[in-house]
Each structure stands twice: as C-alpha cells, then as structure tokens.
Amino acid sequence: MSVPGPVRRDVPPRPIAAGLALTAIVLTVVGGWWHTGSTLIAVEFPTPENAERAGDPSAVMSAAGWGFALALCYGLGLYLGTAAAGWVWRTPSARTGVRFGLTATVVACTTHLVENIVLLSAGGSVAAGSVLAHTVTALAVVKYSALFPAAIIAVTGSAVLVWRCVVHSPQELARRAEHVLDTVPPRPLEPDDPPLPTSSDARATRWLQAYTVPDVRPELISERWRRGMHTTGFCLSGGGIRAACVALGALRSLREELLDARYLVSVSGGGYTAGAFQQALTGAGTPPPGGTVLRDPETVFTDGTAEHNHIRRHSSYLADTAGELLATLGRVARGLLLSLAVLFGPALILGVALGWLYQRVPLTSLSADSLDHPTPRLGAAVAVVVLAMAAFLLGVFARDKNGHPTGTARLATDCAGLAWIVAGAAVVVPSLAWAASWLLSHTDRAIDVGASVGVVALTYLSAVSAMAWRNRTVLRRRFGFLRRNTATTASLSVPNGLVRRLLVILTTGVLALLWLLLLGAAVMTEGRDEALWTALVTLVVVVLLGGVFDITSLSLHPFYRERLARAFAVRVQRRHSDGQVVAVPYEPSETTTLSAYGVVAEGVRFPETIFAAAANLKGEHRTPPGLGAVSFTMSAKWTGGPDVGWVRTDDLERIATGRIRRDLTVQGAVALSGAAFASAMGRMSRWFQVLLAVSGARLGAWLPNPGFVRQAREAARRGDWTYPWLPQVRRLPYLVKEVFGRHAHHDRLLHISDGAHYDNLGLVELLRRRCTRIYCIDASNDSPPTARTLAEALELAWQELGIRVELHDPWCADPGSARSQYPDHPLADRLAVSPVITGTIHYPPESGLDEGVTGELIVARGVLWPSLPYSLLSYAAHHPEFPGDSTSDQWFDHGQFAAYTELGTQLGLAVRHRTTQPPTSSARTTHPTFDPEDVHAAPPTSQRR
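Count the sequence shown with UniProt numbering and you get residues 1 to 945, in order.
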C-alpha cells in the first residue's frame with residue numbers, strides 16, 4: 001500500500017490546523033473577490049466596455065500598488081490551503097496535485113508581482129496594442145490560469161481538513177482505536193509500500209508472498225499428506241446459470257467427496273449453487289415459523305427435493321415473463337436516467353461557474369455570433385509558448401549525468417500542465433461555448449429537446465445491446481413479441497457483433513460530445529442570475545444523488561442480487577401442520593451477514609465456502625498488462641487477497657456502514673462473484689465498459705480495501721485525526737472512477753467484480769491454499785480446440801505461485817477427439833473421448849510444503865462423450881449450441897435446466913470412474929474424514945488488535 005503509515009510530523013495540533021485552514025479559505029475567497037473587482041483587469045484584458053477604466057493612469061497606479069497586498073493576501077491563503085491539502089491527502093496522485101498547487105501558487109504570485117512592477121514602472125499608462133500591453137496580458141493569463149487550479153486545491157483541501165477536524169474528534173478516534181481488527185497486510189510491490197513482517201527467507205519473494213492466506217498452515221498439510229490424508233478442495237467454474245446447473249448436478253453425484261472436502265471455491269455461476277448450499281445449511285438467522293428447518297448435507301438439492309424444484313422453477317431468474325422482462329428493462333432505464341443526471345449535472349454547474357468567471361475576467365471574449373469565432377489574445381498565445389518552452393528546457397535538465405531524476409523534472413511537468421490549462425482557458429473553452437451557441441441558434445427548440453431525448457434513447461439502446469446482443473436468439477425464443485420471421489441479406493452479411501460495436505462506439509462518442517456542448521452552452525450564460533439559480537438547483541440534485549445516495553443503488557447490482565436471492569436463497573422446512581417438506585425462500589429483509597450465514601449449522605459436515613471475485617487495479621502497473629485484476633475472496637472468516645491484504649469478515653462487517661454492509665453478505669458475495677458486466681473486467685476487459693458505467697448497466701460494486709482498513713486503524717491508534725476513514729456511502733467520485741477506469745490500490749474502496757476477471761475456475765485459490773486433491777467442475781464454455789480456461793488458470797498458477805501442473809492426456813477431453821472411434825456417430829465432431837482430465841500438482845518450496853508433497857488435479861469439463869445417456873445425446877443433437885449455451889443466456893427453460901443438471905450428474909459419475917488412489921503412501925485413504933483443526937490455526941502474520 002502506498003498510503004503512508006508513519007505519523008505526520010508536519011501536522012500542527014488540531015485547533016491550530018483548523019484555524020489555518022479556515023484562514024486559508026477566507027484569504028483565498030477574499031483575494032479572489034477583490035481581484036475580480038480590480039482596475040487591473042481593464043488593463044490586462046482591454047475591451048470597449050472597460051476602455052475608460054484602463055485609460056486612467058492614476059487608477060492603474062493605485063490598483064498596481066494595492067496589488068502587492070492583494071498578492072500577499074491570496075498567496076498566503078493559497079499556501080496555507082495547499083499545506084492543509086498536503087496534511088489530509090496521502091495518495092501519490094493527491095500528493096502530485098498538492099505539489100502542482102504549490103507550483104501554481106508560486107507562479108501566480110510571481111507573475112502578479114512582476115505585473116505590478118511593470119505597471120508601476122510605466123506610470124500606469126499602457127497603450128492599447130503595444131508590446132507593454134501584450135506583456136501585461138501574457139502575465140495576467142498565466143496568473144489567472146495558475147490561480148484557478150491552485151484555488152481549487154487550496155479551498156478543497158482546507159474544507160476537507162476542517163471536516164475531518166470536526167468528524168474525527170478525539171472521542172471518535174478513541175472509539176476506532178478500540179476496534180479489534182484481525183488483519184494481514186498486503187504484499188509490497190513498490191519501494192514505498194509498507195513492509196511485511198521481517199523474514200530471512202531469500203527464495204522467490206513474489207511467489208512466497210502470493211501464498212499469504214490467513215489460517216493456512218502448510219506444515220500441517222504436509223503432515224496430513226504423510227499420514228495418507230488429502231486436503232481436498234472443490235472449485236466450481238463461472239458461466240452463469242449454465243455453470244450453476246452443471247455444478248448442481250456434479251455435486252449431487254460427488255456428494256461423498258464434497259462432504260469430505262475442506263474448501264468449496266466458487267466463481268460466478270458456480271457461486272449461485274455454492275450460495276444455495278450455504279444458505280440452505282446455515283444455522284444463522286431466525287427460521288420462519290410453522291415448521292422445523294432441515295439441514296441434511298447428504299440430501300440437500302438432490303433430485304426430487306423441494307429445494308431442487310424451487311431452483312428448477314426459477315432457472316430463468318432474471319425475468320420469466322414478458323412483464324418481468326419489461327420490469328428489468330425499466331430498472332435499466334431508471335439507472336440510466338439517474339446516472340446521466342449525476343454525470344451531466346457537473347457539466348452544467350462547471351459551465352455556469354466558468355461563464356461567471358469569463359464575464360469578470362475575459363481571458364478571451366466570448367461571442368455568440370456564428371461569423372465571429374473567438375480569437376485568443378496575442379498575450380495568451382505568448383503565455384502558452386513561454387510555458388511550453390519552460391517545460392521543454394526544464395525537461396532537458398530533468399536527469400543528472402547518472403540518469404537520476406532531478407528537482408527540475410517536477411517543475412517541467414508542472415509547467416507543461418500550466419501550458420495546457422492556459423490553452424484550455426484561452427482557446428478550448430471559448431471555442432466550445434461558441435460552437436454550442438452556434439448550434440443552438442441554428443436549430444429549433446423542439447429539435448434541441450428531441451435530440452436530447454434521442455441521445456438518452458440511443459444510450460439506453462446501446463446499453464441493452466451491449467448486455468443482450470449475443471442472447472437475441474434466446475430472447476426471441478422466450479418472448480414472442482421479440483420474434484422476427486425473416487432475416488435480410490444485409491443483416492446476414494454483417495459480422496457478428498459489428499453492429500453492436502458500432503452502436504456502442506457511436507453512443508459513447510455522442511455522449512462525450514453532448515457533455516462538452518452542455519458545458520459550452522452553460523459558459524455562454526456568462527453568469528446571468530437565472531443561470532446561477534439553475535446551477536444551484538442542479539448542484540442540489542447532484543449532491544443528493546451523488547453525495548447522499550449510494551451510487552451502487554443507481555446500478556443493476558441491487559436488482560441482480562435480489563433476483564439471485566429469489567431463485568437460490570431457500571431454507572428446507574418440514575411443516576408442522578402436515579409434515580410436508582417445502583422450500584421456504586429467504587425474506588428480502590433478511591440480511592445474510594457473511595460471517596454468520598457463511599458458516600453451516602453446528603454439527604453439519606460441509607466444506608468452507610469461499611466466493612472468488614476480482615479486485616480491479618488499473619493505472620499503476622500493480623498487475624501485469626492484460627490482467628488488470630487481482631485475487632479477492634469472500635468467506636465467513638476472511639475477506640481480501642494477498643495483493644490487497646486480508647481482514648476478518650466479522651471485523652469488516654462491524655466497521656462498515658449499513659449501505660456497504662449490504663454487500664458483505666452471502667447474497668452480496670454471490671452477486672459480486674458473478675458480476676460479469678462491470679465497468680472494469682480484469683483480464684476480460686471490453687471496449688464497451690465505459691458505456692456500462694455511464695448507463696448504470698453495471699453489476700460490480702465497491703467494497704472496503706482491507707489494506708486501507710488496516711492502516712486507518714493504525715492511524716486511529718496513533719491519534720492521527722487527518723487520516724481518512726471508510727466512507728459512509730459510495731459517492732459520485734467512485735462513479736467517475738468507473739467511467740475513467742481509475743482503480744488505485746490505495747483507495748479506501750476497491751472495485752469488485754466477477755471472479756472470472758481473474759480466474760474463471762477458482763483453481764488458483766485452491767492451489768494458493770495448498771490443496772493436495774482438487775476437483776474442478778469446468779463449465780466455462782470454451783470453444784474448441786483446447787480447454788482455454790484451464791490453460792489460463794494453469795499459466796496464472798505458474799506466474800503467481802510457481803506451481804507446475806502435469807496433465808495426463810488432456811487432449812482426450814477436446815470436442816471431436818472421439819471422431820476416429822465413432823466416425824459415423826451423428827455427433828462425432830462434438831464428442832470427446834472423456835470429459836475428465838487428471839494431472840499432478842508440483843508445489844514449489846515457496847509454498848511452505850515439505851519436499852515431495854504433490855497434489856492430484858481432477859478436472860471435469862462440460863463436454864459431450866459417447867457414454868452419455870441417449871436422452872442427453874438426443875437433446876444435444878437437436879440443440880447444436882449444447883453444452884455451450886452462451887453465458888449471456890440467463891433465461892433457462894425446463895429443457896436447458898434438465899439437460900445441464902444431468903450433464904453435471906454424468907460428469908460427477910465420470911470423475912468417480914476415473915479417480916485414482918492418492919499417490920505414494922500405501923496407507924493413504926481415498927476419502928478421509930477431514931478435521932479442520934489439523935490444518936488451520938492462527939497465522940503468524942495475522943495480528944489481533
């Protein structure tokens with residue numbers, strides 16, 4: 001973590017810091033207001049309206065004389081404000097902003113002082129169009145362009161410091177310091193990352209630290225292996241409802257092996273089934289009255305049971321009727337409108353504010369005349385050239401003779417930034433305002449309104465297309481009103497997905513253009529009263545939606561979580577009235593807290609359920625190119641991963657606020673593990689993610705960063721009141737981060753999405769826990785040839801953990817591998833010799849296991865093979881897409897549910913047929929009873945505080 005841990009020695013005592021911050025705000029605001037009324041503006045930016053003021057030498061001399069006091073006023077305010085910002089902003093990007101604020105403050109004050117000296121030397125007389133006039137304009141342009149970002153940084157930083165001074169009271173810090181948090185720090189990657197507990201081990205550090213999993217004791221696993229006992233794990237792959245059905249069938253026929261396992265890791269669709277088992281077997285919560293809850297792990301979700309029939313009846317869990325489909329589309333529309341309001345509101349507010357500033361400080365004269373394009377002043381052009389040359393020259397000396405960066409490197413970057421700001425203020429913004437004014441003057445009001453409505457409709461259409469285009473055939477089959485009778489030649493000639501891609505690209509471009517045009521139109525209001533009132537109302541709306549409401553509620557995540565719970569969250573109950581066994585769905589109001597509901601009832605034999613998701617990290621080179629995400633798991637005991645740190649789940653639930661706590665539940669973990677459509681998608685990143693963020697059609701969510709939680713707790717213990725704490729709600733800045741793809745590892749919250757964005761099998765998580773026997777149910781729908789998802793998982797295991805897996809005849813599980821044996825079979829091109837791939841796992845020394853300890857991998861792929869029942873092969877013959885229905889098909893009918901669950905059952909039977917006795921020791925048993933206390937104990941790196 002790059003968030004610094006040591007106490008800030010430069011922070012003054014709380015009352016003094018608050019006083020300085022308030023002083024900074026007052027001085028900056030007063031200085032800015034004083035500046036806008038100064039006679040100097042008439043000299044700096046002469047116009048016909050202020051020519052009289054600019055021509056009075058005595059007034060100019062007086063203003064220049066008072067200018068020294070003015071520069072001292074706002075300069076002191078900006079300095080104190082940026083210092084305050086430095087006390088409360090700790091991240092690398094924020095520190096860069098603070099340094100830029102200091103540079104801008106120095107530039108603004110320096111140019112102001114030089115301008116005053118020049119005017120006093122000239123006796124206050126400046127001839128229009130003279131070299132002196134252009135010099136004064138150039139100095140003024142640089143001054144105001146530097147003042148704007150410096151004032152924003154100073155005022156914002158001071159306001160944050162005052163807020164934390166009030167909110168982070170001594171009593172609140174003491175309360176936080178009393179929190180008992182069991183945490184494990186993340187592995188360091190950069191030189192300024194906090195160190196892990198010291199170790200003299202000089203082996204491959206990255207591999208060694210990647211095995212950091214609390215409660216796992218490799219020496220005990222090795223001891224069990226020598227005694228002939230396996231540490232067994234099951235992993236259920238992603239793949240939506242398809243994978244859930246396959247997993248449901250496989251766990252039915254592999255029930256004995258499942259109950260002897262230590263871990264059940266699930267990803268995405270596999271999590272639907274794992275969550276269903278967990279919620280049916282938990283002892284948490286208040287059971288519904290009128291019956292006795294049954295928790296039998298040997299029979300739960302087997303054929304013919306009430307709970308199995310409940311899932312069967314809800315296999316089309318998103319929408320089973322045309323009415324529910326319309327309701328789903330309505331949720332998308334609602335999220336779209338609210339998200340657009342939150343994102344486009346700031347354009348209006350910023351535009352009105354800029355218009356007010358341009359009206360008082362006319363860097364470039366705004367013009368609504370379609371034939372009079374705003375021309376930047378010569379002084380502005382000179383300012384851009386001078387700043388650009390300064391950045392270039394400083395960049396030449398940015399490194400010493402040894403190649404080490406010097407202090408001028410930062411100055412070069414700051415000068416380049418100021419040059420861009422000057423160009424934007426003098427050219428870009430006035431041009432946008434002119435273009436917006438020209439467009440509005442040449443179109444009818446009805447057309448303007450219609451165009452806005454059309455853009456919203458286009459965005460909505462594109463968002464739905466991005467989610468459902470590949471599933472259009474299924475939608476037509478399920479809902480007759482979407483059916484069409486014929487396909488035109490033109491549509492057949494368009495490559496699959498091209499229309500969707502073009503539609504999304506067009507929509508994203510139109511949205512960006514509309515945002516800029518709205519900004520420009522607001523600038524042209526030039527701060528009129530009605531515009532200011534409109535901006536104020538808009539600000540209230542944006543603050544309510546983006547600052548009070550949780551942005552997750554603007555997305556599809558809550559809807560997705562609720563629909564999954566409706567289908568998969570049930571208890572099995574024997575009614576007192578008639579003795580019938582029924583499946584009772586969980587009440588929507590019941591919060592399935594992960595630490596409580598993630599544990600099965602006392603005396604129930606069942607593995608520990610782990611929901612594998614992905615934490616998206618981008619923009620900091622914390623992940624290899626193309627991966628973009630790291631491991632993030634959620635279980636009843638621990639939440640996090642080796643790259644972001646770990647925290648006890650019950651501790652995390654205790655410190656998180658109610659809105660965030662909704663996702664720290666079994667149902668929330670199931671939904672996040674299956675958040676396939678998100679604004680960040682790790683290794684599965686797609687070009688339409690920006691549209692998903694803007695439209696609200698996103699399933700991911702933000703959860704507390706375990707590494708940050710650890711450091712915030714340490715800051716509270718030190719009495720560091722300037723250190724931030726977890727946010728109460730996920731506000732507008734997190735939506736902006738999704739739109740721009742900024743996912744920093746040091747943020748208070750991490751963006752969590754589908755586990756498939758890291759590893760679609762969950763295999764790496766079992767290998768990280770040093771399992772010596774792994775059953776992998778792979779329903780990931782790989783296109784032949786090869787099991788691509790398995791290959792990616794094995795490569796990731798090597799890169800992350802140094803594990804080599806030796807597969808035994810993996811090609812026998814490829815579709816078509818049985819063609820030579822059954823050349824006349826109607827499904828010859830789709831049949832595999834066997835669905836089972838076995839392999840030997842070779843752990844490196846960094847795993848902590850004893851030398852010679854190996855593991856056994858059994859992978860059951862969702863393919864067809866000759867010995868399947870006739871009914872299933874017949875179904876495959878009539879449904880060419882089986883068993884590879886698209887993951888986007890979440891509307892399974894009875895036939896699909898029956899076919900995939902039966903396929904899973906047959907996969908389990910095939911695994912049993914192929915499973916070999918454990919390697920080496922003859923005393924090793926095939927399915928030993930597992931004692932959790934044998935393997936798990938308090939980890940040495942975990943610290944109970």
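The beta-carbon is built from N, C-alpha and C at its ideal position, and this holds for glycine as well.
Cys776: member of the beta strand (DSSP E) spanning 773 to 778, first to last residue.
Around Gly240, the same chain offers Gly269, Thr887, Gln890 as residues with beta carbons nearer than 6 Å, after the five sequence neighbours per side are excluded. DSSP places Arg14 inside the alpha helix (DSSP H), whose first and last residues are 14 to 36. For Thr838, the closest alpha carbon among the candidates Leu857, Ala601, Val739, Leu329 is that of Leu857.
When DSSP reads this structure, Cys235 sits in a beta bridge with Val265, Cys776.
The beta carbon of Phe344 is closer than 7 Å to those of Trp515, Leu518 in its chain, skipping five residues each way along the sequence. Nearest to Leu652 by C-alpha distance, out of Glu846, Gln667, Pro642, Ala636, is Ala636.
The stretch 544 to 557 and the stretch 721 to 739 touch, with three or more beta-carbon pairs separated by less than 8 Å. Secondary structure note for Gly884: it is in no beta strand (DSSP E), with a DSSP letter that is neither H nor E. Burial state of His168 is buried, judged by a 10 Å Cβ sphere holding 16 or more other Cβ atoms.
Here Asn616 carries a strand assignment [DSSP, helix/strand/coil]. A direct Cα-to-Cα measurement between Gly520 and Trp34 gives close to 27 Å. For Phe882, the closest C-alpha among the options His842, Val853, Thr854, Asp829 is that of Asp829. If you look at Phe740, you'll find it in the alpha helix (DSSP H) that goes 732 to 740.
Annotated three-state conformation of Val581 is strand, per DSSP. The shortest C-alpha to C-alpha distance from Ile610 to any of Thr623, His621, Gly640 is the one to Gly640. Per DSSP, Gln209 lies in no beta strand (DSSP E); the unbroken alpha helix (DSSP H) holding it starts and ends at 205 to 210. Restricting attention to Arg377, Pro869, Ala347, His894, the CA atom closest to the CA of Val361 is found in Arg377.
At the C-beta level, Ala522 and Leu790 stay beyond 8 Å of one another. In the displayed model, His751 falls within a strand according to three-state DSSP.
Put simply, of Pro149, Leu72, Trp87, Ser93 the residue whose alpha carbon is nearest the alpha carbon of Asn116 is Leu72.
For Ser222, the enclosing alpha helix (DSSP H) covers residues 218 to 226. Excluding its 5 nearest sequence neighbours in each direction, Pro374 has C-beta neighbours in its own chain below 7 Å: Thr364, Ser365, Leu366, Ser367, Pro430, Ser431, Trp434, listed in chain order. Its Cα nearest to that of Lys737, the residue Leu617 stands out among Phe100, Ala151, Leu617, Arg861. Note that the C-beta distance between Ala716 and Ala177 is below 8 Å.
Separation of Leu868 and Arg912 (C-alpha to C-alpha, rounded to the nearest whole angstrom) is 15 Å. In summary, Phe708 is buried, with 16 or more beta-carbon neighbours lying within 10 Å of its beta-carbon over all protein chains present.
In the structure shown, Ile117 falls within a helical segment according to DSSP collapsed to helix, strand and coil.
If you look at Arg804, you'll find it in the beta strand (DSSP E) that goes 804 to 808. The Cβ-Cβ distance between Thr406 and Ala398 falls below 8 Å. In summary, Asp578 is exposed, with fewer than 16 beta-carbon neighbours lying within 10 Å of its beta-carbon over all protein chains present. For Leu506, the number of other beta carbons within 10 angstroms of its own is below 16, and it is reported as exposed. Per the C-alpha coordinates, the member of Ala436, Met389, Val427 positioned closest to Thr413 is Met389. Taking a C-beta distance under 8 Å as the contact criterion, Ala612 and Thr592 do not qualify as a contact pair. In this structure, Asp809 sits away from Ser316, with a CB-CB distance that is not shorter than 8 Å.
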